[in-house]
Structures are given as C-alpha cells and as structure tokens.
Amino acid sequence: MNILVTGGAGFIGSHTLIELYKAGHTALVVDNLCNSNPEALRRVAELIGIDAIPFIKADIRDSKALDSIFSANHFDAVIHFAGLKAVGESVEKPLEYYDNNVNGTLVLLDAMRRHGCKNIIFSSSATVYGDPAEIPITESCPKGQCTNPYGQTKSIIEQILTDLQVADPQWNIVLLRYFNPIGAHPSGRIGENPNGIPNNLMPYITQVAVGKREYLGIFGNDYPTPDGTGIRDYIHVCDLASAHIAALKPIEQKTGLNIYNIGTGHGYSVLDVVKAFIRVNGVDIPYRIMPRRAGDIATCYCNPAKANREIGWKAQFTLDDMCRDAWHWQHANPNGY
Ligand code: NAD
Ligand code: UD1
C-alpha cells in the first residue's frame, strides 16, 4: 500500500516508517517539523536502504497544501501521527492544542474525503480511559474524564472519527490506543528526541544516565501499588510501530471502525523501570522521591488480547529490551539528532 504518514518525522512515526517499508509498503511523510528533525527521516532512509523517504514539509491545517499532495499522489490509507502531545503544555495552551490536534484532524479528514481516501489509522492514547474503571483495561472499558486538554483532543478526535464512520460507512478507521511507548530502534540511529526537560519517564532516565540531569524525581511513592510508585504498561516503540502494519489488515478488509489497545499487558512501577535500567545497562540512576504529579493515576495497563485475536499483533520486546535500546540511542546521541 502507499501510505500518507502525517507526523512521520516524529518519535513513533519514524519507527513506523521502517516497519512499513519492511512489510513492502511505501510512504510519503507530511510533517511541519514543529517537534522533530529531518535528520530522523534521513536516518530512516539509511536504515531501510533507500535514497530518501518522500517528504513534504507542510502543516496538516493547510488545506491547500493537502490538496496538492492528494492531487499528485494516490494513497491507500493515512496513518495520522501529527499532533502536539505535551500534557503540561496543553494545560497552558489549550487553544493551540485544540487547533493543532482537533482542527488539524478535521482539515485532514476533509481533504481525504474530497480526494476519495477514506482509510485512516489514528494515534489515540490510553489517556482516553481517564482513571480507568477496570484493570487490565479492555476496549469495552468506558472512556473516562481526561484531566487535561491533550487528553480531551484524543477523546474528541475519536468521537469525530466514530461519527464520521456512522455517517459514511465507506470509511475504514482504526483507533489505536497506545499505552506508554519507550525505547528506540535497536540500531541506536533513531529514538525519542524531546525538546527541553523531558516530561516522560524514560527520556528523563536516559538524560540522568548520560549526565544531563542530576537525578530522577519520582512523582510519589504513596500510591496503592506494591512499591507505592505508579504502574504503567510500557511498550517498545518498535512493537508499537509494527501494530500499525497489523492495523492495515482491517483497513484492507474494509471492516469499518475498529479500536485496539496497544500495550504489552504487563504493568511495571517507576521503581521497576529504574531498577531494570540500572541492571541492564550497568549505569547508576540517582533518584529522589517527590510529591505526586497533578493528574497522575496509580495504575494503568491493558489487556491487549483483542489486537492479538483480530489483527494478529502481539508485543515481542521485554522491559529489558526497552531499557537497553533507550540507552543505546541516548548514549550514541547524547544531544539527540
Ligand atoms: P512526536 O511529537 O515525536 O511526533 C509528532 C509529529 O507531528 C512531529 O514530527 C511534529 O513535528 C508533527 N506535527 C505536529 N503538529 C503538526 C501539524 N499541525 N502538521 C504537521 N505535522 C505536525 O510525537 P510521537 O510521540 O511520535 O507521537 C505521535 C502521535 O502519537 C501523536 O499524535 C501523539 O499524541 C500520539 N501518542 C503518543 C504517545 C507517546 O507517549 N509518545 C502516547 C499516546 C499517543
Ligand atoms: C503521560 C501522559 C499521557 C500521555 C503519555 C504519553 C500525564 C498525566 N499523562 O502518561 O496523557 O499519553 O504521557 O505521552 O502526563 N514519572 C516520574 N518521574 C518523571 C516522569 C514520570 O516519576 O520524571 C512517573 C509518572 O508519575 C508515572 C510514570 O512515571 O507514574 C510514567 O510517566 P510518563 O512517562 O509521564 O507517562 P504517563 O504519565 O503514563
């Protein structure tokens, strides 16, 4: 298939491009580079063994740019990664988040409809479950109250896509609810490249390991979990990438709307991750217990059985693999791209 990949220069998009080409697909990337570096695409091409990944620098809110891209190319499907994702920033800049994520998706969907491409895989998040009503979380678990505008944008976009598919059953839509992607390509050539102080756990740990930060702050050790720290379903970014290739199956089979949890089904605490990182990589991670972070929940992990049953996808990498590959990337690229 020929796939339009929005946000393809980013963390998850760049890893997904490798899996797409490995599976025999081709892609064109649209990205405005607001949170990424074109060097990622250069390295992706190098890893795949092609000259370059077709790339157009454009904003998905630019309807004219999308029109010319769709007029000049035939796409079998769109994988839609483009979006802003920093939870704290979304609280400070809600309008920017609603505009970029929700309005951006509306402009994209309108262009797709006008050009007759009605197949899309959307990057959703476990955040749509809020404080989950059941653990492990299945797809039938009700969506919850999101505590921040970022989460709201995911929930709203899911609703828009659901309504669209009801209105026009020709649309084939897959909502992938990612749990916590970490790690990097085993080559160490591409990985997560956050701007400024990392918000998320693994990039913070690797920056402590590489000497850029003095210690890790652990946000609370009084949660109702075995060691008191928060539990999450960490998934290797390459496993997450391969889920997108599996998700092309229901698109090809034209089965309408499908929703899948994409996680490993295992919950690890913050201390589990820190200890695994130290053990696997032989580097120390000094840490201090800090107050809880606003909006955090105690435990979040999924039951990924539906994705296994229906699209034949299952995570392969372990937490040790995630720690090894995250460190390999950071160690080889201490300042990112
Ligand atoms: P990322 O920031 O690395 O990648 C997003 C890409 O989209 C970037 O390259 C950015 O430049 C681009 N982009 C943003 N707004 C754009 C616009 N208006 N037009 C064109 N390009 C635009 O983030 P990521 O971690 O790769 O996440 C990809 C998607 O997955 C996002 O939608 C994110 O919300 C979602 N997601 C991520 C996580 C996670 O933990 N990383 C978890 C759940 C869901
Ligand atoms: C966060 C977002 C979520 C988003 C996801 C991926 C919040 C509340 N949720 O998920 O919406 O989809 O990122 O981008 O921000 N931790 C520390 N110290 C740190 C960083 C994190 O102790 O410096 C802890 C957290 O308290 C949590 C765990 O590590 O228990 C994982 O945190 P993080 O990586 O930020 O992911 P989530 O909070 O699960």
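When we follow the numbering used here, the leftmost residue of the sequence shown carries the number 298, and every step to the right adds one.
By construction, the Cβ of each residue, glycine as well, lies at the ideal position given by its N, Cα and C atoms.
- Task: Please say whether H541 and E316 have beta carbons closer to each other than 9 Å?
- Result: yes
- Return yes when at least one heavy atom of ligand 2 lies under 8 Å from the C-beta of N490, else no. no
- Task: Measure the alpha-carbon distance for I586 versus V567 and round it to whole angstroms.
- Result: 11 Å
- Message: For T552 and L330, what's the separation of their Cα atoms in angstroms?
- Response: 33 Å
- Item | Other residues of its chain near D519: CB distance less than 7 Å, five sequence neighbours each side excluded | Only G525 meet the Cβ criterion.
- Item | Test item: CB-CB of C443 and P429 under 9 Å | no
- Message: Quick check on V302: buried or exposed, where buried means 16 or more other Cβ atoms within 10 Å of its Cβ?
- Response: Label assigned to V302: buried.
- Task: Determine the direct distance from the alpha carbon of E393 to that of Q449, and round the result to whole angstroms.
- Result: 13 Å
- Can you name the start and end residues of the beta strand (DSSP E) that L473 belongs to? N469 to Y475
- Query: For F308, which option in V580, N490 and H533 has the closest C-alpha, if you only look at C-alpha atoms?
  - Reply: N490
- Message: Mapping the DSSP letters down to three states, classify A604 as helix, strand or coil.
- Response: Three-state DSSP puts A604 in a helix.
- Message: Run through the DSSP bridge pairs and tell me what T323 is partnered with.
- Response: Beta-bridge pairing links T323 to N299.
- Message: Could you give the first and the last residue of the continuous beta strand (DSSP E) run that contains N416?
- Response: N416 to S422
- Message: In whole angstroms, give me the CA-to-CA distance for A324 and H371.
- Response: 11 Å
- Query: In terms of residues, what are the limits of the beta strand (DSSP E) holding K451?
  - Reply: Note, K451: premise wrong, no beta strand (DSSP E); alpha helix (DSSP H) at P446 to A464.
- Task: Assign L381 to one of three DSSP states: helix, strand, or coil.
- Result: coil
- Message: Would F476 pass as an interface residue toward chain B - the criterion being a Cβ-Cβ separation below 9 Å?
- Response: The displayed structure is made up of one protein chain only, and chain B is not part of it.
- Query: Regarding F516 and ligand 2, is the C-beta to nearest heavy atom distance less than 8 Å?
  - Reply: yes
- Compute the Euclidean distance between the alpha carbons of D581 and K509, then round it to the nearest angstrom. In a straight line, the C-alpha of D581 is about 13 Å away from that of K509.
- Query: Looking only at its own chain, which residues have a Cβ that is under 8 Å from the Cβ of F476, when we skip the five neighbours before and after it?
  - Reply: The residues are A423, R529, D530, Y531, I532, N558, I559, G560, T561, C597, Y598 and C599.
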